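Novice: Below you will find the structure I want to go over with you.
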Amino acid sequence: MIRFHYQGQGYYNIDLSTYEQAFLHNLYYAMLRIRRIEEEIERRYCEDEMKTPIHLVIGQEATSVGSCAALKTDDRIYATHRTHGNYLAKGGDLKAMISELYCRANGCVASRGGSMHLLDKKAGMDGSSAIVGGIIPIATGSALAAQLQSSDCITGVFFGDGATEEGALWESLNFAALKKLPVIYFCENNFYSVCSPLKNREPAGTRIDKKADAFGVNAEQVDATNVIKVYEATLRAILRINSGAGPAFLECIAYRWRGHSGAGDDSHTGYRDPKEVLHWETVCPVATFYNALIDQGLLHENQARRMEEMINAEIKEAFAYAINSPNPVYEDLNKFAYSD
Ligand SMILES: Cc1ncc(C[n+]2csc(CCOP(=O)(O)OP(=O)(O)O)c2C)c(N)n1
3 MIRFHYQGQG YYNIDLSTYE QAFLHNLYYA MLRIRRIEEE IERRYCEDEM KTPIHLVIGQ
63 EATSVGSCAA LKTDDRIYAT HRTHGNYLAK GGDLKAMISE LYCRANGCVA SRGGSMHLLD
123 KKAGMDGSSA IVGGIIPIAT GSALAAQLQS SDCITGVFFG DGATEEGALW ESLNFAALKK
183 LPVIYFCENN FYSVCSPLKN REPAGTRIDK KADAFGVNAE QVDATNVIKV YEATLRAILR
243 INSGAGPAFL ECIAYRWRGH SGAGDDSHTG YRDPKEVLHW ETVCPVATFY NALIDQGLLH
303 ENQARRMEEM INAEIKEAFA YAINSPNPVY EDLNKFAYSD
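Heads up, the sequence shown is in this note's numbering, so the first residue is 3 and it goes up one at a time.
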């Protein structure tokens, strides 16, 4: 039997057979796909042909996949600099994303944004911003628009724990709670803002979810190494919104395995203990789910192998497409630039 090297305990008290097998396979496929895409981006980044900063999401895949599995295509999401997982889980086009990383003219934002500003309107991936906390009021405005238009669209916004130190978040929560806006705030707490640990930034015992709760937003903490827990928490949030009870805040806890930006781990710089990284690798969101599916007889290793093959083929094709795509031309330099 193929086993991932790492095993977690996370699923052993969840009976996965209550879910449709195809749904479980889709969750596994989506997480594995993000993992393999990230690994390939990382490998190729070292060739120095991708002229964009990158922020890999390896270790945090379950947040994107579990949440987006509960959202509709018409629902909108917004994200930050660490946006690859959110974009892919919402259905963002892979070729357009890889082209964007190579700054090609057919990139998803026509080479103007790079990795930190991915967008795919057709998939409901409405934008991302590298300004920490900056996307949160924009997403809150999107939820206000949906409410004013009497649309059933829900907005999800993803941001890191670093954004909880920006006033923009708390102003947005206050407004969203006041207006009972259809918005879910997904705080991806990975314990670090670049190389500053939460324990150096917040008083001991601070709970991010409790702070959000104090603003009148229904908040909960979620084990975001577990895709089912993220999915179920998102469903609860959606039910709450649909009942008219207003916004929700999910503090999704998972760990960033790679460095803050670029390729590889950066633990050697001393801001985190390499043993901490090893610990979190034992609760790998992809591997623990795989092992649980195999153990509960809900996935066969041949099916898993087939998924790997399909993903590898798609990745190969997307990179070839991007690398062979045209660069932007000088004449288009001012395209998309506006001034009064
Ligand atoms: C307003 C603002 N301040 C500082 C920065 C520099 N910066 C870029 S990413 C980052 C860390 C963000 O940490 P977090 O929000 O926890 O997200 P993570 O990188 O952990 O996913 C900082 C401080 C920025 N981009 N914007």
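Every residue gets a Cβ at the ideal spot worked out from N, C-alpha and C, and that includes glycine.
Fair warning: this is a prediction, and the values are worked out from it, not measured in the lab.
What does a CB cutoff of less than 6 Å around M52 pick up in its chain, not counting 5 residues either side in sequence?
Specialist: Contacts found: L103, Y104.
Novice: Residues bridged to E190 by DSSP?
Specialist: DSSP output for E190 lists G162, C254 as bridge partner(s).
Novice: Relative to the C-alpha of K201, which residue among R274, R38, R78 is closest?
Specialist: That would be R274, whose Cα lies nearest to the Cα of K201.
Novice: Using 7 Å as the cut-off, classify the Cβ of R84 as near or not near the heavy atoms of ligand 1, replying yes or no.
Specialist: Yes, ligand 1 has a heavy atom inside 7 Å of this Cβ.
Novice: Please report how far the alpha carbon of Q9 lies from the alpha carbon of S19, in whole angstroms.
Specialist: At Q9, the pLDDT of 41 sits below 50, so the modelled position is not reliable; the number obtained from the coordinates is stated separately. Going by the C-alpha atoms only, they are around 20 Å apart.
Novice: Taking a contact to mean a Cβ-Cβ separation below 8 Å, would you say I186 touches L252 in this structure?
Specialist: Closer than 8 Å, so yes.
Novice: How long is the line joining the alpha carbons of H7 and F217, rounded to whole angstroms?
Specialist: Low per-residue confidence applies at H7: pLDDT is 40, beneath 50, and the placement is therefore not dependable enough to give any value.
Novice: Going by CA-CA distance only, name the one from E234, Y80, N176 that's closest to A214.
Specialist: For the residues E234, Y80, N176, the minimum Cα distance to A214 belongs to N176.
Novice: Hey, how far is the Cα of P328 from the Cα of I156?
Specialist: One C-alpha to the other measures close to 36 Å.
Novice: Could you pull the DSSP bridge partners for N220 from this structure?
Specialist: DSSP lists A250 as partners of N220.
Novice: Please state the DSSP three-state secondary structure of I60.
Specialist: Note: I60 maps to coil in three-state DSSP.
Novice: Using beta-carbon positions only, say whether P184 and A141 come within less than 8 Å of one another.
Specialist: Contact flag unset, no.
Novice: Any heavy atom of ligand 1 within a distance shorter than 7 Å of the CB on E190?
Specialist: Yes, since a heavy atom of ligand 1 falls inside the 7 Å radius drawn around the Cβ of E190.
Novice: Could you tell me the alpha carbon to alpha carbon distance between K212 and I137, rounded to whole angstroms?
Specialist: In a straight line, the C-alpha of K212 is about 22 Å away from that of I137.
Novice: Using CA coordinates, which residue listed in Q149, G264, P276 is at the minimum distance from I56?
Specialist: The candidate whose alpha carbon is nearest that of I56 is G264.
Novice: Is any heavy atom of ligand 1 found at a distance shorter than 7 Å from the C-beta of S195?
Specialist: Checking every heavy atom of ligand 1 against the Cβ of S195, one is found closer than 7 Å.
Novice: Take A294 as the anchor and find which of K97, A165, N228 has the nearest alpha-carbon.
Specialist: The option with the nearest alpha carbon to A294 is N228.
Novice: What would DSSP say about A112, mapped onto helix, strand or coil?
Specialist: In this structure, A112 counts as coil in the three-state DSSP scheme.
Novice: What did DSSP end up calling V285 once you bin it into helix, strand or coil?
Specialist: Residue state, collapsed to three classes: coil.
Novice: Which of the three DSSP states is assigned to I325 in this structure?
Specialist: Correct three-state label for I325: helix.
Novice: K97: buried (16+ other C-beta within 10 angstroms of its C-beta) or exposed?
Specialist: K97 should be labelled buried.
Novice: Just how far apart, CA to CA, sit A148 and G94?
Specialist: Those two C-alpha atoms are separated by around 21 Å.
Novice: Using alpha carbons as the reference points, say which of T65, S113, H86 lies closest to S130.
Specialist: With distances taken between Cα atoms, S130 lies closest to H86.
Novice: Taking 7 Å as the cut-off, does the CB of F25 come closer than this to any heavy atom belonging to ligand 1?
Specialist: Because no heavy atom of ligand 1 lies under 7 Å away, the Cβ of F25 does not count as near it: no.
Novice: Under 8 Å between the Cβ atoms of L237 and A72?
Specialist: It is a contact, given that the beta carbons lie within the stated cut-off.
Novice: Start and end of the beta strand (DSSP E) containing Y80?
Specialist: Taken as a continuous stretch (DSSP letters only), the beta strand (DSSP E) holding Y80 covers 78–81.
Novice: Check whether the Cβ atoms of L171 and G135 lie closer than 8 Å to each other.
Specialist: Taking 8 Å as the Cβ cut-off, L171 and G135 qualify as a contacting pair.
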